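Okay, so here's the structure we're looking at.
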Amino acid sequence: MFNQNGFDERETVSLLGGYNIGQFHSEFIRERLYNFSGTGKPDGSISEEYLVELRKICKRDEELNSSPTPSRSASPSGITQDRETAIQSGQRFDSHYYQNFLDNNGTMVSEDGGTTEAVVRAYASDRSAFRRDFARSMIKMSSLLGKPGSRGPIRVNCSRLFSSATI
1 MFNQNGFDER ETVSLLGGYN IGQFHSEFIR ERLYNFSGTG KPDGSISEEY
51 LVELRKICKR DEELNSSPTP SRSASPSGIT QDRETAIQSG QRFDSHYYQN
101 FLDNNGTMVS EDGGTTEAVV RAYASDRSAF RRDFARSMIK MSSLLGKPGS
151 RGPIRVNCSR LFSSATI
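Printed below as a string of structure tokens:
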């Protein structure tokens, strides 16, 4: 998706660092935990300790269908989500996402065949480089995604959902 919109490798890796804070849902990584690439096994790049931790949060599809209603929790943004389907990725916006990735504790899968390792290592060791590149990449992305006028609303505050009156 990113390279189709003119983002180079470094910009793409910096944008993925946006996952270093907040939550994301288990549906995005469940396959890696239970049936990576159709093997019936977990992704071997996830450390055993982290795999156990993630599997406590992200149940198999069969377990989800047979379990009682999930417990609910409010995220820091005030959006209520199922605790079983939301993974906390951090509370600080820094470069820990990249260090976790190097320690085999990354949650998002890399499809680059290792070609971005130098960038990941650079961001893991230099928080200011990550923040600088992330900011530049976000500015670039903002110029691509706007829908001015009647083609759709633009969020003024990205953490707030649109009300039905706005859309």
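Residue numbers (UniProt numbering): 1 to 167.
Heads up, the beta-carbon is just placed ideally off N, CA and C, and yes, glycines get one too.
Keep in mind the model is a prediction, meaning the values are calculated, not measured.
Can you tell me whether residue i is buried or exposed? The criterion is at least 16 other CB atoms within 10 Å of its CB, across all chains shown.
i	result
Asp133	buried
Ser14	buried
Ser142	exposed
Lys59	buried
Ser125	exposed
Could you give the distance in angstroms between the alpha-carbon of residue i and the alpha-carbon of residue j?
i	j	result
Arg121	Asn157	32 Å
Asn5	Leu144	8 Å
Gly38	Ser45	15 Å
Asp56	Tyr50	Sequence check: residue 56 is Lys here, not Asp. Distance between the alpha carbons of Lys56 and Tyr50: 10 Å.
Ser10	Arg30	For the record, residue 10 in the displayed sequence is Arg; it is not Ser. Using only the alpha carbons, I get a separation of about 27 Å.
Arg136	Arg127	14 Å
Asp8	Glu117	14 Å
Phe130	Tyr123	5 Å
Thr12	Phe101	15 Å
Ile139	Tyr19	17 Å
Tyr98	Thr115	14 Å
Phe28	Val119	23 Å
Ser95	Arg160	25 Å
Phe36	Phe2	23 Å
Pro42	Phe93	28 Å
Asp61	Gly40	13 Å
Is the separation between the beta-carbon of residue i and that of residue j shorter than 8 Å?
i	j	result
Asn104	Ser26	no
Leu54	Leu33	yes
Run through DSSP, which three-state label would residue i get?
i	result
Leu16	helix
Glu117	helix
Ala74	Caution is warranted here: a pLDDT of 38 is assigned to Ala74, below 50, making its placement in the model unreliable, and no coordinate value can be reported.
Does the beta carbon of residue i sit closer than 8 Å to a beta carbon anywhere in chain C?
i	result
Leu51	The structure shown contains no chain C; it is built from a single protein chain.
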